[in-house]
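Below is one structure, written out as structure tokens; comments come after it.
Residue numbers (the numbering used here): -3 to 405.
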């Protein structure tokens, strides 16, 4: 997975699908230390007609940093991450099937307080999206762009006639909803990008900005799989990964468990990523599938992690491929529980038994409604992702403030 968060920060991701069609995402995208910020959560592959092919809520937090170029006071937001399966068009066809084969067939809208020439915090201009996937504006402003047919990525620039500065915008073609969503970054804030197909827009796009259409999320998130604690069996051996869920408010993506390896003997090893630090660990599962691991830190109290092997309902998955771990995490040597743990096993897809989700996708991280774009990122993060036959998810995402970041899951 690769793309841009809603503040313009880029990130890339490598994750695996689990037996219950989930992928866990987690990254700390900002370079300064300690723990300058994080983004993480779960996405579930499911077909939501006219909306998405995968979805999930991601927590995105940036801590205050007086040296940051944008959003120095930090922010803590939760929004939808939406995925659309992407089919590259043949030569001579546009990446969105909803685009009419004519000039003046789309409208670009930059949404946010820092949009150039903004009326009611939005600027709209009519485009001609040509059959070679170039974006042309024949009006009074200099505006152009291009869509990459292979990936669905869209980039362009708008010349602000007042400041003479070029405002770059970028996003992805979201074929499931027939829209382009993305982000522009200007000064100390970011805003959302929308390109909507249509032929009834006033040319050259000088009508007063009205209600704007944004990418929409599903009515509600996917149901959690039904799981139960099980005793250890050698068949539970494999590679696992997952995320931490903050105790109290239930926000997912406050940390991660990476490369958790379980051997047929019950030996386990992996890496805990929490508070900006990766902590390697080793241990052994008891016969009942449980264990407790204490990790001594150089600075701060010891970390105490409890794990319990679980298995999802066999009526919903193959009997030998639904293992995971639940558990708790204490950051003060066991005195209090700070996080709960949700970990799944990577399924064993082969070239003869391929992951049903195999293929290319575009991804949008929609900014929540009501965001103040001057103090929180108002743009839609975006990215592209490919799922291999083995269930591996790879790509790059750009956060809505312009940061590119790689995630681990």
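Where a beta carbon is used, it is the ideal one built from N, C-alpha and C, also for glycine. Note that the structure is predicted; figures quoted are calculated from it, not measured.
Item, Value
"Residues that DSSP places opposite residue 18 in a beta bridge", "40"
"Simplified DSSP assignment, three categories, for residue 231", "helix"
"Secondary structure of residue 342, DSSP reduced to three states", "coil"
"Runs of beta strand (DSSP E) lying entirely within the segment 66 to 143, each at least 3 residues, in chain order", "71 to 81, 102 to 107, 118 to 125, 130 to 132 and 139 to 143"
"Exposure label - residue 49; buried when at least 16 CB within 10 Å", "buried"
"Segment limits, beta strand (DSSP E) that includes residue 168", "162 to 170"
"Segment contact flag, the segment 144 to 156 with the segment 94 to 103, C-beta cutoff 8 Å, min 3 pairs", "no"
"Beta carbon of residue 3 nearer than 8 Å to that of residue 356", "no"
"Burial state of residue 136 (16 or more Cβ within 10 Å)", "exposed"
"Range of the contiguous beta strand (DSSP E) that encloses residue 276", "273 to 280"
"Beta-bridge pairing of residue 255 - partner residues as DSSP gives them", "Residue 255 pairs with nothing; no bridge assigned."
"Nearest-angstrom Cα separation, counted from residue 111 out to residue 405", "Any reading at residue 405 needs caution, since the residue's pLDDT is 45, under 50, leaving its predicted position unreliable; the model's value is listed next. Near 35 Å, if we compare the C-alpha coordinates of residue 111 and residue 405."
"From 389, 277 and 174, residue whose alpha carbon lies closest to that of residue 257", "277"
"Length of the line joining the Cα atoms of residue 183 and residue 26", "18 Å"
"Endpoints, the beta strand (DSSP E) within which residue 186 is located", "185 to 193"
"Through-space distance from residue 34 to residue 138, alpha-carbon basis", "37 Å"
"With 16 other Cβ atoms within 10 Å as the buried cut-off, status of residue 255", "exposed"
"Any 3 or more C-beta pairs closer than 8 Å across the segment 187 to 196 and the segment 61 to 71", "no"
"Nearest neighbour of residue 245, chosen from 309, 272 and 72 [CA to CA]", "72"
"Boundaries (first-last residue) of the beta strand (DSSP E) holding residue 223", "223 to 225"
"Euclidean distance between Cα positions of residue 206 and residue 67", "Caution applies to residue 206, whose pLDDT of 49 falls short of 50 and renders its modelled position unreliable; the value that the coordinates give is listed next. Their Cα atoms are separated by approximately 27 Å."
"One or two residues paired with residue 397 in a DSSP bridge", "2"
"Residues near residue 333 by beta carbon distance below 8 Å, same chain, minus five either side", "243, 324, 325 and 326"
"Enclosing beta strand (DSSP E) for residue 285 [first to last residue]", "Unbroken run through residue 285: none, as it is neither H nor E."
"Contact with chain C by residue 170, beta-carbon distance below 8 Å", "As a matter of chain content, chain C is missing from the structure shown, which is built from one protein chain."
"Straight-line gap, residue 249 to residue 126 (C-alpha atoms, nearest Å)", "41 Å"
"Beta-carbon proximity of residue 186 to residue 396, cut-off 8 Å", "yes"
"Counterpart residues of residue 307 in DSSP-defined beta bridges", "224 and 319"
"CA nearest to the CA of residue 303, picked from 364, 309 and 262", "262"
"For residue 149, three-class secondary structure by DSSP", "strand"
"Cβ contact check for the segment 98 to 107 and the segment 70 to 85: 3 or more pairs under 8 Å", "no"
"At least 3 beta-carbon pairs within less than 8 Å: the segment 157 to 170 vs the segment 337 to 355", "no"
"Completely contained beta strand (DSSP E) runs for the segment 348 to 386, where each covers 3 or more residues", "355 to 361 and 377 to 383"
"Alpha-carbon spacing of residue 57 relative to residue 377, whole angstroms", "14 Å"
"Residue nearest to residue 299 in terms of C-alpha spacing, selected from 335, 281 and 265", "335"
"Assigned exposure category for residue 227 - 16 Cβ within 10 Å defines buried", "exposed"
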